[in-house]
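Participant:
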Amino acid sequence: MRIVRVKIFEAASCGGLLDGMDIELLRPRTGGDNANILPICLLGKNGTGKSQFLQIIAEIFQSAWHDHRPDEEATAANPELLFEIIYEVNLIDDVGVQRIQRVKLSRVREPSGRIGKMLMELKGEDGFEALADNQNPDFGRHLPPLVVAYTSGDNETLSLPFYVSRSGYASSVATAAMKDANAVVPDNRLVLLDYSTHLEVLIANLMIGPADLRGDLVIHANLSALHSFRLVVQLNHPDAPKIRGKNPKRKGVQLTDELEQYIAQLCSAATCWDYDTKQETYTLDYLVDTESRKAFRAFWPTAMELYRSLHKLAMLNDLMIPKKARERLRRNIRSRKFASKLPEPQDETKVFKIEEVRFQKGARSGYSSDVDYVSLSDGEHQQAQLFGLIAMFRDRNTLFLLDEPESHFNPQWRAKLITRLMDLPVQGLGEQEFILTTHAPFVPSDMRREQVRIFSKQDDKLSARQPEIETFGATYDSILSHCFGIDPPISQLAQEKINDLKKTGSVEEIEDEMPRLGSSVEKALLADRLFELKKKI
Numbered sequence: 001m002r003i004v005r006v007k008i009f010e011a012a013s014c015g016g017l018l019d020g021m022d023i024e025l026l027r028p029r030t031g032g033d034n035a036n037i038l039p040i041c042l043l044g045k046n047g048t049g050k051s052q053f054l055q056i057i058a059e060i061f062q063s064a065w066h067d068h069r070p071d072e073e074a075t076a077a078n079p080e081l082l083f084e085i086i087y088e089v090n091l092i093d094d095v096g097v098q099r100i101q102r103v104k105l106s107r108v109r110e111p112s113g114r115i116g117k118m119l120m121e122l123k124g125e126d127g128f129e130a131l132a133d134n135q136n137p138d139f140g141r142h143l144p145p146l147v148v149a150y151t152s153g154d155n156e157t158l159s160l161p162f163y164v165s166r167s168g169y170a171s172s173v174a175t176a177a178m179k180d181a182n183a184v185v186p187d188n189r190l191v192l193l194d195y196s197t198h199l200e201v202l203i204a205n206l207m208i209g210p211a212d213l214r215g216d217l218v219i220h221a222n223l224s225a226l227h228s229f230r231l232v233v234q235l236n237h238p239d240a241p242k243i244r245g246k247n248p249k250r251k252g253v254q255l256t257d258e259l260e261q262y263i264a265q266l267c268s269a270a271t272c273w274d275y276d277t278k279q280e281t282y283t284l285d286y287l288v289d290t291e292s293r294k295a296f297r298a299f300w301p302t303a304m305e306l307y308r309s310l311h312k313l314a315m316l317n318d319l320m321i322p323k324k325a326r327e328r329l330r331r332n333i334r335s336r337k338f339a340s341k342l343p344e345p346q347d348e349t350k351v352f353k354i355e356e357v358r359f360q361k362g363a364r365s366g367y368s369s370d371v372d373y374v375s376l377s378d379g380e381h382q383q384a385q386l387f388g389l390i391a392m393f394r395d396r397n398t399l400f401l402l403d404e405p406e407s408h409f410n411p412q413w414r415a416k417l418i419t420r421l422m423d424l425p426v427q428g429l430g431e432q433e434f435i436l437t438t439h440a441p442f443v444p445s446d447m448r449r450e451q452v453r454i455f456s457k458q459d460d461k462l463s464a465r466q467p468e469i470e471t472f473g474a475t476y477d478s479i480l481s482h483c484f485g486i487d488p489p490i491s492q493l494a495q496e497k498i499n500d501l502k503k504t505g506s507v508e509e510i511e512d513e514m515p516r517l518g519s520s521v522e523k524a525l526l527a528d529r530l531f532e533l534k535k536k537i
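Going letter by letter, the sequence shown gives residues 1 to 537 in UniProt numbering.
1. For G127, count the other beta carbons within 10 Å of its own beta carbon; 16 or more makes it buried, fewer makes it exposed. Which is it?
2. Helix, strand or coil for E406 per DSSP?
3. Is it the case that the Cβ atoms of Q385 and H198 are separated by a distance below 7 Å?
4. Excluding the 5 residues flanking Q382 on each side, which residues of the same chain have their C-beta closer than 6 Å to its C-beta?
5. For the stretch 455-463 against the stretch 115-130, are there 3 or more C-beta pairs whose distance is under 8 Å?
6. For N222, which of helix, strand or coil comes out of DSSP?
7. Look up T475 in the DSSP assignment and say whether it is helix, strand or coil.
8. Is the stretch 195-214 close to the stretch 321-335, with three or more CB pairs under 8 Å?
9. For S51, report the span of its alpha helix (DSSP H) as first-last.
10. Residue range of the alpha helix (DSSP H) that K457 falls in?
11. So, using beta-carbon positions, are Y286 and A298 closer together than 7 Å?
12. Reducing DSSP to helix, strand and coil, say where S171 ends up.
13. Are there 16 or more other CB atoms within 10 angstroms of the CB of S268, so buried, or fewer, so exposed?
14. Please classify I92 as buried or exposed, where buried requires at least 16 other C-beta atoms within 10 Å of its C-beta.
15. To the nearest angstrom, how far is the alpha carbon of D19 from that of V108?
16. Suppose only complete runs of 4+ residues qualify. What are the alpha helix (DSSP H) ranges in the stretch 374-404, listed by chain order?
17. Between L206 and the rest of its own chain, which residues show a CB-CB distance below 8 Å, the 5 nearest in sequence each way excluded?
18. Need the endpoints of the beta strand (DSSP E) that W273 sits in, please.
19. Quick check on Q234: does DSSP put it in helix, strand or coil?
20. For S268, report the span of its alpha helix (DSSP H) as first-last.
21. The beta strand (DSSP E) that contains K361, what's its start and end?
22. Is L235 closer than 7 Å to V253 when the C-beta atoms are compared?
23. Quick check: what's the CA-CA separation for L284 versus A211?
24. Under the rule that 16 or more other beta-carbon atoms within 10 Å means buried, what is D94, buried or exposed?
25. How big is the Cα-Cα spacing for S171 and N46?
26. Take R293 and list the residues in its own chain whose beta-carbon comes closer than 8 Å to its own, dropping the five residues that flank it on each side.
27. When the Cα of S159 is compared with those of S228, H142, S51, which residue comes out closest?
28. Let's see if you can read the secondary structure: which residues bound the beta strand (DSSP E) around G44?
29. If D320 and T290 are in contact, beta carbons under 8 Å, what's the gap, nearest whole angstrom?
30. Alpha carbon to alpha carbon, how far is A325 from P343? Give it in angstroms, no decimals.
31. Just how far apart, CA to CA, sit A524 and D500?
32. In the DSSP assignment, find the beta strand (DSSP E) that holds L287 and state where it starts and stops.
33. Is the stretch 171-191 touching the stretch 423-441, taking contact as three or more C-beta pairs under 8 Å?
34. Would you mind giving the Cβ-Cβ distance between D395 and L54, rounded to the nearest angstrom? I have them listed as a contact below 8 Å.
35. Between the Cα of P39 and the Cα atoms of K416, R2, T75, Q62, which residue gives the shortest distance?
36. Looking at C-alpha atoms only, which residue of E73, V148, R141 is the closest neighbour of L389?
Written as structure tokens, this is what we have:
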């Protein structure tokens, strides 16, 4: 998949600041498979609309899936969004031949002033031709099958459509558990991953993924393999909802047959487990080896399927959040006054939790003891989760929206982000779309200028443009200057100190301060000033 152009006519997001934006994202195709991966990188100061733009992209495809399959996306977060988006999808025909299909998706205001219906048009020899029926299978075939978002912090702007999607799914599951436990609720098309999901992503990849991928995801932390972990499912405790469903066996949290099956499978795959009948609490322990991985693969053929199962159980934790907090979030979502998210329940009250995750040390460490996952740094957690989620969602035409995915990386890891992405031992990255934001110069230095857009804000209006310079291989100083407007690229306090010395400093004062200044162009200019002053003596 590749997004070509986005026009935003009217959007409730960002107080109307995105209205009228027309952003061209066309990139040349270069090669095959992973060599053809060409992410889009959005740069800009805080408040210039980068995260809101990602949100709009998610809302567009959420609305499209809601039109096409309301059972999979029960609600649209922004039903009044007016837009036009042109993108390309990779299709395989009946005889296995791959082709690129250009698609135009739009929703505009009718002459009467009413909001029109969603329209999909497919590019042919004679231009774009509209599909007559949004329920036609061809409509869904030309949409990204998944929109996967990652945020490294508490970015409720990007999260809004994904919380709407999650809320719709949770409501359907609750209805099924109370009225028809046999009902299977379809998976939704929007997937949000943040810090709260990192253990689910990690367990799924390290239990189901191939050996080369498993090693690649943890080698940066000098770890060799997953050693052991524990899952706890507690269904009947004092904070559980006091509502009885169709299943007479359950006294506390009511489950659909699908969720009951997941628990049974996790018990079957466990090394050992215990069940407290009174509290309806399962304690499942796993010692990870070849046989335990075989057991998991017997129930979950792919890492994504295991992740989905673990995440659906984790969503039951929302039931432990006070009802007033859940109602507040629903009101904020409906009114788009979204400045907070659901609080995280205490571990003691969670329905589902992952505990005691331990790893084997890498060969270079010289130690044979295992390592607790909580002892790793935020950057090590983030790197395992980021590349784990990309490796996990392998469907062709998947759209990834990554908001500051390297925020906790050290500078060396940031500089290697794109290289590590291209080197992941998975196939098909070139058939997926990646749009990411960053506030650092490291990532754009690995991208052509056609892949970079600089967001800016002037007179309460947002715009995006390509850099004037070639960013691929450019120095970080050049990118800071041309893309972030930081010239010279040193801190404000140091710059003010050097300026004061150049204006009023004596020879003695400058000579005294020079050893305390790091190497920079500004220090060289100060040295020139010192030379001039000495000539006058």
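Ideal placement from N, C-alpha and C gives every residue a C-beta, glycine not left out.
Facilitator: The short version:
1. Looking up residue 127 in the sequence shown gives position 127. When all chains shown are included, G127 counts as exposed.
2. Here residue 406 corresponds to residue number 406 of the sequence shown, with the count starting at 1. If DSSP states are grouped into helix, strand and coil, E406 belongs with coil.
3. By one-based count along the sequence shown, residue 385 stands at place 385. By one-based count along the sequence shown, residue 198 stands at place 198. A contact, by the Cβ cut-off of 7 Å.
4. Counting from one through the sequence shown, the residue named residue 382 turns up at place 382. Only H408 meet the Cβ criterion.
5. Contact between the stretch 455-463 and the stretch 115-130 is absent: fewer than three C-beta pairs spanning the two stretches fall below 8 Å.
6. Counting from 1 along the sequence shown, the entry for residue 222 is found at position 222. In the structure shown, the three-state DSSP call for N222 is coil.
7. As a first step, residue 475 is located in the sequence shown; it is residue number 475 there, counting from the start. In the structure shown, T475 adopts coil according to DSSP, grouped into three states.
8. In this structure the stretch 195-214 does not touch the stretch 321-335; the number of beta carbon pairs closer than 8 Å is below three.
9. Stepping through the sequence shown from its first residue, residue 51 is reached at position 51. Looking at the DSSP string, the run of the alpha helix (DSSP H) that includes S51 is 50-68.
10. Position 457 of the sequence shown, counted from the start, is the residue given in the question as residue 457. Per DSSP, K457 lies in no alpha helix (DSSP H); the unbroken beta strand (DSSP E) holding it starts and ends at 452-458.
11. Numbered from its first residue, the sequence shown carries residue 286 at position 286. Numbered from its first residue, the sequence shown carries residue 298 at position 298. No, these two residues do not count as a Cβ contact at 7 Å.
12. To locate residue 171, count along the sequence shown from 1; it is residue 171. In the structure shown, S171 sits in a helix (DSSP, three-state: H, G or I).
13. Taking the sequence shown and counting its residues from 1, the one referred to as residue 268 is at position 268. By the 10 Å Cβ count, S268 comes out exposed.
14. The count along the sequence shown starts at 1 and reaches residue 92 at position 92. Its Cβ having fewer than 16 others within 10 Å, I92 is exposed.
15. For the purposes of this step, residue 19 is identified with residue 19 of the sequence shown, where counting begins at 1. For the purposes of this step, residue 108 is identified with residue 108 of the sequence shown, where counting begins at 1. So the two alpha carbons sit approximately 13 Å from each other.
16. Considered as a whole, the stretch 374-404 harbours 378-392 as its complete alpha helix (DSSP H) runs of no fewer than 4 residues, in chain order.
17. Counting from 1 along the sequence shown, the entry for residue 206 is found at position 206. Same-chain partners within the cutoff: R214, L217, V218, A225, L226, V288.
18. If you number the sequence shown from 1, residue 273 lands on position 273. W273: member of the beta strand (DSSP E) spanning 272-276, first to last residue.
19. Locating residue 234 in the sequence shown gives position 234, counting from the first residue. In the structure shown, Q234 sits in a strand (DSSP, three-state: E or B).
20. Residue mapping note: residue 268 aligns to position 268 of the sequence shown, counting from 1. It spans 257-269 - the alpha helix (DSSP H) in which S268 sits, taken as one unbroken run.
21. What you label residue 361 is simply residue 361 of the sequence shown in a count that begins at 1. Run containing K361: 352-361, per the beta strand (DSSP E) assignment.
22. Taking the first residue of the sequence shown as position 1, residue 253 is located at position 253. Taking the first residue of the sequence shown as position 1, residue 235 is located at position 235. Contact flag set, yes.
23. The sequence position of residue 284 within the sequence shown is 284, counting from 1. The sequence position of residue 211 within the sequence shown is 211, counting from 1. Going from the Cα of L284 to the Cα of A211 covers about 24 Å.
24. Position 94 of the sequence shown, counting from 1, holds the residue named residue 94. Looking at its Cβ environment, which holds fewer than 16 other Cβ atoms inside 10 Å, D94 is exposed.
25. For the purposes of this step, residue 171 is identified with residue 171 of the sequence shown, where counting begins at 1. For the purposes of this step, residue 46 is identified with residue 46 of the sequence shown, where counting begins at 1. Near 35 Å, if we compare the C-alpha coordinates of N46 and S171.
26. Position 293 of the sequence shown, counted from the first residue, corresponds to residue 293. Here the set comprises M207, I208.
27. Within the sequence shown, the letter at position 159 stands for residue 159. Nearest C-alpha to S159: S51.
28. Here residue 44 refers to the residue found at position 44 of the sequence shown. Looking at the DSSP string, the run of the beta strand (DSSP E) that includes G44 is 40-44.
29. For the purposes of this step, residue 320 is identified with residue 320 of the sequence shown, where counting begins at 1. For the purposes of this step, residue 290 is identified with residue 290 of the sequence shown, where counting begins at 1. For the sequence presented, residue 320 should be read as Met rather than Asp. Taking C-beta atoms under 8 Å as the contact rule, M320 and T290 fail to qualify, at a distance of about 36 Å.
30. Start at 1 with the first residue of the sequence shown, and residue 343 comes out as number 343. Start at 1 with the first residue of the sequence shown, and residue 325 comes out as number 325. Distance between the alpha carbons of P343 and A325 is about 8 Å.
31. Taking the first residue of the sequence shown as position 1, residue 524 is located at position 524. Taking the first residue of the sequence shown as position 1, residue 500 is located at position 500. The alpha-carbon atoms of A524 and D500 are separated by roughly 15 Å.
32. Counting from 1 along the sequence shown, the entry for residue 287 is found at position 287. L287 -> beta strand (DSSP E) spans 281-287.
33. With fewer than three CB-CB distances shorter than 8 Å, the stretch 171-191 does not count as touching the stretch 423-441.
34. As a working mapping, residue 395 is identified with position 395 in the sequence shown. As a working mapping, residue 54 is identified with position 54 in the sequence shown. Your pair D395 and L54 does not check out as a contact, with CB atoms roughly 19 Å apart and the cut at 8 Å.
35. Position 39 of the sequence shown, counted from the start, is the residue given in the question as residue 39. Each of K416, R2, T75, Q62 was checked against the Cα of P39, and the nearest Cα belongs to R2.
36. Locating residue 389 in the sequence shown gives position 389, where the first residue counts as 1. The shortest CA-to-CA distance from L389 to any of E73, V148, R141 is the one to V148.
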